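In this note's numbering, the protein residues as written are -4 to 114.
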(Lines of atoms letter the chains of each structure in order from A and count residues from 1; the text may use other names and numbers.)
(Lines give C-alpha, C1' and ligand atoms only; values in the text may rest on other atoms or scores of the structure.)
Protein backbone atom coordinates (compact mmCIF):
# COMPACT_ATOMS: atom_id res chain seq x y z
CA UNK A 1 0.00 0.00 0.00
CA UNK A 2 1.54 3.29 -1.09
CA UNK A 3 0.49 6.83 -0.32
CA UNK A 4 0.21 8.86 -3.55
CA UNK A 5 1.26 12.08 -1.82
CA UNK A 6 4.37 10.47 -0.31
CA UNK A 7 5.33 8.84 -3.59
CA UNK A 8 5.07 12.15 -5.40
CA UNK A 9 7.93 13.37 -3.21
CA UNK A 10 10.85 12.47 -5.53
CA UNK A 11 13.54 12.61 -2.84
CA UNK A 12 11.72 10.19 -0.54
CA UNK A 13 10.77 7.83 -3.38
CA UNK A 14 14.33 7.67 -4.73
CA UNK A 15 15.76 7.27 -1.24
CA UNK A 16 13.52 4.30 -0.45
CA UNK A 17 13.76 2.71 -3.92
CA UNK A 18 10.13 3.19 -4.95
CA UNK A 19 10.79 4.30 -8.55
CA UNK A 20 8.13 2.00 -10.06
CA UNK A 21 5.50 3.10 -7.54
CA UNK A 22 6.50 6.76 -7.98
CA UNK A 23 5.95 6.46 -11.71
CA UNK A 24 2.54 4.83 -11.20
CA UNK A 25 1.50 7.42 -8.61
CA UNK A 26 2.43 10.25 -10.96
CA UNK A 27 0.45 8.67 -13.81
CA UNK A 28 -2.58 8.17 -11.59
CA UNK A 29 -2.38 11.70 -10.21
CA UNK A 30 -2.04 13.20 -13.69
CA UNK A 31 -4.97 11.12 -14.97
CA UNK A 32 -7.10 12.28 -12.05
CA UNK A 33 -6.17 15.90 -12.78
CA UNK A 34 -7.74 15.57 -16.25
CA UNK A 35 -10.73 13.42 -15.26
CA UNK A 36 -14.37 14.49 -15.17
CA UNK A 37 -15.07 12.09 -12.30
CA UNK A 38 -13.11 9.51 -10.26
CA UNK A 39 -14.68 6.15 -9.41
CA UNK A 40 -12.20 4.08 -7.38
CA UNK A 41 -13.56 0.53 -6.86
CA UNK A 42 -12.01 -2.01 -4.47
CA UNK A 43 -12.60 -5.08 -2.38
CA UNK A 44 -11.07 -5.31 1.08
CA UNK A 45 -9.71 -7.80 3.59
CA UNK A 46 -12.35 -7.08 6.25
CA UNK A 47 -15.67 -8.89 6.33
CA UNK A 48 -17.89 -5.86 5.71
CA UNK A 49 -20.83 -4.97 3.52
CA UNK A 50 -20.32 -2.78 0.48
CA UNK A 51 -19.96 0.94 1.09
CA UNK A 52 -19.21 4.19 -0.72
CA UNK A 53 -16.92 6.99 0.42
CA UNK A 54 -17.74 10.16 -1.53
CA UNK A 55 -15.47 13.17 -1.55
CA UNK A 56 -16.86 16.32 0.02
CA UNK A 57 -18.01 17.74 -3.34
CA UNK A 58 -21.80 17.82 -3.76
CA UNK A 59 -21.75 15.82 -7.01
CA UNK A 60 -19.74 13.07 -5.31
CA UNK A 61 -22.28 12.74 -2.52
CA UNK A 62 -25.17 12.74 -4.99
CA UNK A 63 -23.69 9.90 -7.04
CA UNK A 64 -22.79 7.87 -3.94
CA UNK A 65 -26.43 7.94 -2.81
CA UNK A 66 -27.44 6.22 -6.08
CA UNK A 67 -24.84 3.44 -6.06
CA UNK A 68 -25.93 -0.13 -5.24
CA UNK A 69 -24.06 -0.32 -1.92
CA UNK A 70 -25.26 -1.06 1.61
CA UNK A 71 -23.79 2.08 3.18
CA UNK A 72 -22.67 5.59 2.24
CA UNK A 73 -20.09 7.02 4.63
CA UNK A 74 -20.22 10.78 5.09
CA UNK A 75 -17.46 13.17 6.16
CA UNK A 76 -14.81 10.48 6.58
CA UNK A 77 -12.89 10.33 3.34
CA UNK A 78 -10.77 13.42 4.01
CA UNK A 79 -9.91 12.46 7.56
CA UNK A 80 -6.68 10.79 6.35
CA UNK A 81 -3.69 12.68 7.69
CA UNK A 82 -1.93 14.59 4.88
CA UNK A 83 -4.14 13.10 2.15
CA UNK A 84 -2.61 10.60 -0.23
CA UNK A 85 -5.69 8.81 -1.58
CA UNK A 86 -7.18 8.92 -5.05
CA UNK A 87 -10.03 11.03 -3.69
CA UNK A 88 -7.61 13.47 -2.10
CA UNK A 89 -5.94 13.89 -5.49
CA UNK A 90 -9.36 14.41 -7.06
CA UNK A 91 -10.35 16.99 -4.46
CA UNK A 92 -7.06 18.88 -4.88
CA UNK A 93 -8.05 19.25 -8.56
CA UNK A 94 -11.75 19.97 -7.92
CA UNK A 95 -12.74 16.66 -9.54
CA UNK A 96 -15.70 14.86 -7.95
CA UNK A 97 -15.20 11.24 -6.97
CA UNK A 98 -16.32 8.22 -4.97
CA UNK A 99 -14.35 5.30 -3.58
CA UNK A 100 -16.37 2.08 -3.35
CA UNK A 101 -15.49 -0.96 -1.25
CA UNK A 102 -17.42 -3.95 -2.60
CA UNK A 103 -16.92 -6.16 0.44
CA UNK A 104 -14.38 -8.78 1.45
CA UNK A 105 -12.02 -10.07 -1.27
CA UNK A 106 -13.21 -13.67 -0.98
CA UNK A 107 -16.95 -13.04 -0.58
CA UNK A 108 -19.08 -14.62 -3.30
CA UNK A 109 -20.92 -11.34 -4.06
CA UNK A 110 -17.86 -9.11 -4.64
CA UNK A 111 -17.84 -9.67 -8.40
CA UNK A 112 -21.56 -8.98 -8.58
CA UNK A 113 -21.08 -5.74 -6.65
CA UNK A 114 -18.32 -4.63 -9.06
CA UNK A 115 -20.56 -5.34 -12.05
CA UNK A 116 -23.54 -3.48 -10.55
CA UNK A 117 -21.40 -0.43 -9.82
CA UNK A 118 -20.21 -0.31 -13.42
CA UNK A 119 -23.69 -0.66 -14.95
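Glycine included, every Cβ here is placed at the ideal spot set by N, Cα and C.
What you are looking at is a predicted structure, and each value in this text was computed from that prediction instead of being measured.
Give every residue of the same chain whose Cβ lies closer than 6 Å to the Cβ of residue i, excluding the five residues on either side of it in the sequence, and list them in chain order.
i	result
residue 83	none
For residue i and residue j, what's the separation of their Cα atoms in angstroms?
i	j	result
residue 104	residue 113	14 Å
residue 107	residue 25	30 Å
residue 45	residue 80	19 Å
residue 35	residue 14	23 Å
residue 102	residue 42	8 Å
residue 30	residue 49	16 Å
Put residue i into one of helix, strand or coil per three-state DSSP.
i	result
residue 47	strand
residue 62	coil
residue 17	helix
residue 23	helix
In chain order, what residues of the same chain have a beta carbon less than 8 Å from the beta carbon of residue i, not counting five sequence neighbours either side?
i	result
residue 40	99 and 100
For the beta strand (DSSP E) that residue i lies in, which residues bound it at each end?
i	result
residue 105	From DSSP, residue 105 is part of no beta strand (DSSP E) but of the alpha helix (DSSP H) over 105 to 113.
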